[in-house]
Amino acid sequence: MIKVGIIGVGTVGTSVAEILRDNADVISARAGVDIVVKSGVVKNLKKDRGLDIIITDNVDDILNDKEIDIVVELMGGVEEPFEVVKRALKAGKAVVTANKALLAYHRYELQTIAKDIAFEYEASVAGGIPIITALRDGLSANHIESIMGIMNGTCNYMMTEMTNNGVSYDAILKEAQDLGYAESDPSFDVGGFDAAHKLLILASIAYGIDAKPEDILIEGIDKVRSEDIAFAKEFGYAIKLLGIAKKDENEVELRVHACLIKQDEMIAKIDGVMNAISVVGDKVGETLYYGPGAGGDATASAVVANIIDIARSGKSTPMLGFNRPMEGSKLTLKSTDDINSKYYLRINVSDRAGVLARVTKLFEENQISVETMLQRPSTQTSANLLISTHIALEKDVQKLIKELEAQDFVNATPVMIRIV
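In my numbering, the protein residues as written are 1080 to 1499.
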């Protein structure tokens, strides 16, 4: 019999215990052994979880329990769970976590500590989609050329409602909070940080890149407005928050931001709270993974799948999927300045003679070629210039934005969205 201790018996933790209880017959058949939850750690002992397990508020009751074989960490946060997981591994206990923030900062230290002890984390990226297993195991024969995906269901839900139903950003943010998709402080989701943590985990498996969130380009959807969506529709685009990892010779670019993407691309068709991730391998070509990216049962399903894998063998494959340095240790992180893309800009300007000529002159001076331009009235005295460019360098576009912002005829900081 395998005994499990759950540290953090909240929505996901409760669902893990319920799945192991309710589906015990099929789980034991697949694992080849019975798996039971012995105990769980919570912050509030007074709350009834409806579970027939030992409940405590002290992590030592699990970490020091020699009967516990597998520790499931569902605490949230970074440094506190890092210490807890380190102690569990050093005690020889297998670990399963859904904590993307923990892994975004400490995945390499944990791989070193874990060594041959099973450490699994399928639920940390895209909830119920088995993307970790696919990338680490199923595609292990491939050089990964790119990863691109919708990795945050909250943002995708908001963009879907803004696009399909014309709901304003402020209104749909409040609705997402009321539905429980977004927190009272939504910045982690709408600012792109949640998706960035997930992208970093995938990039480590694909490329062996040890980057932290502070090292990469992270933007959210908080500046997207109805004018941008109207422009996108007019030119055959949808707007999505995407996480992008792409290999370019010996460099890897990592970025999270809102994107204009052609409507006929599969990723552009993913609506609501669903996630989807495209992976391109040099031998297999493109594969696409789609499913629920969040929610208690979907996330818990991935956690339990990891528990079953550990119960089957007692060991895991290398935590990040490699025993030697990836790509001969040649790959480095590409500077944000050197990223190149097409760009869309929304520039609110005073509606007077000569302004358009001065704007186009600034584009020319920064070696940025305009592909399309529309002018839409904003107020009686101002207008929005909606401009898309040919491929340009990130550093040139950022310089242009600063120069535009300094002009007396520009009324607000220009909004920029990259075109994929």
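Cβ coordinates follow ideal geometry from the N, Cα and C atoms, glycine included.
- Within the region 1269-1335, the complete alpha helix (DSSP H) segments at least 4 residues long are 1272-1286 and 1305-1313, listed from N- to C-terminus.
- For G1375, no beta strand (DSSP E) segment is defined; the enclosing uninterrupted segment is the alpha helix (DSSP H) at G1375 to S1392.
- Apart from the 5 residues on each side of it in sequence, E1298 sits with its Cβ closer than 6 Å to the Cβ of G1271 and H1336 in its chain, given in chain order.
- Residues G1400 of the same chain have their beta carbon placed closer than 8 Å to that of S1219, with the five preceding and five following residues left out of the count.
- In this structure P1160 is buried. Its beta-carbon is surrounded by 16 or more other beta-carbon atoms within 10 angstroms.
- V1434 has its alpha-carbon roughly 47 Å from the corresponding atom of G1370.
- Taking C-beta atoms under 8 Å as the contact rule, V1303 and I1318 qualify, at a distance of about 6 Å.
- In this structure, M1241 is the residue among K1179, M1241 and G1084 with its C-alpha nearest to the C-alpha of G1351.
- Taking 8 Å as the cut-off, the Cβ atoms of G1206 and A1381 count as close.
- A Cβ-Cβ distance of about 28 Å is found for the pair I1426 and L1333, leaving them out of contact under the 8 Å criterion.
- Within the same chain, D1136 come within 8 Å of K1122 by CB-CB distance, once the 5 residues on both sides are set aside.
- Taking every protein chain shown into account, the CB of D1388 has 16 or more other CB atoms within 10 angstroms, so this residue is buried.
- The shortest C-alpha to C-alpha distance from A1173 to any of T1468, T1396, Y1422 and I1340 is the one to T1396.
- A check of alpha carbon separations from L1320 across Y1236, A1309 and D1361 identifies Y1236 as the nearest.
- The alpha-carbon separation between T1492 and T1415 amounts to approximately 20 Å.
- Spatial neighbours of A1311 in its own chain (CB-CB distance under 7 Å, excluding positions within 5 residues in sequence) are listed in chain order as A1317, I1318 and L1339.
- Listed in chain order, the alpha helix (DSSP H) runs fully inside the region 1082-1115 are 1090-1101 and 1103-1110, counting runs of at least 4 residues.
- Sorting M1452, M1230 and A1309 by C-alpha distance to the C-alpha of Y1368 places M1230 at the top.
- Judged by DSSP in its simplified three-state form, P1371 adopts strand.
- In this structure, the beta-carbon distance from G1232 to M1345 does not fall below 8 Å.
- Minimum Cα-Cα distance from M1080 among the listed residues I1086, V1115 and V1088 corresponds to V1115.
- Put simply, of G1084, V1091 and A1193 the residue whose alpha carbon is nearest the alpha carbon of G1375 is V1091.
- Here the alpha carbons of G1245 and S1283 stand approximately 38 Å from one another.
- Our two residues, I1196 and A1390, have alpha carbons roughly 12 Å apart in a direct line.
- Pairing V1151 with V1095 gives a Cβ-Cβ distance under 8 Å.
- As the crow flies, the alpha-carbon of I1251 is around 35 Å from that of A1285.
- The C-beta separation of K1117 from K1082 comes to about 4 Å, placing the pair in contact by the 8 Å criterion.
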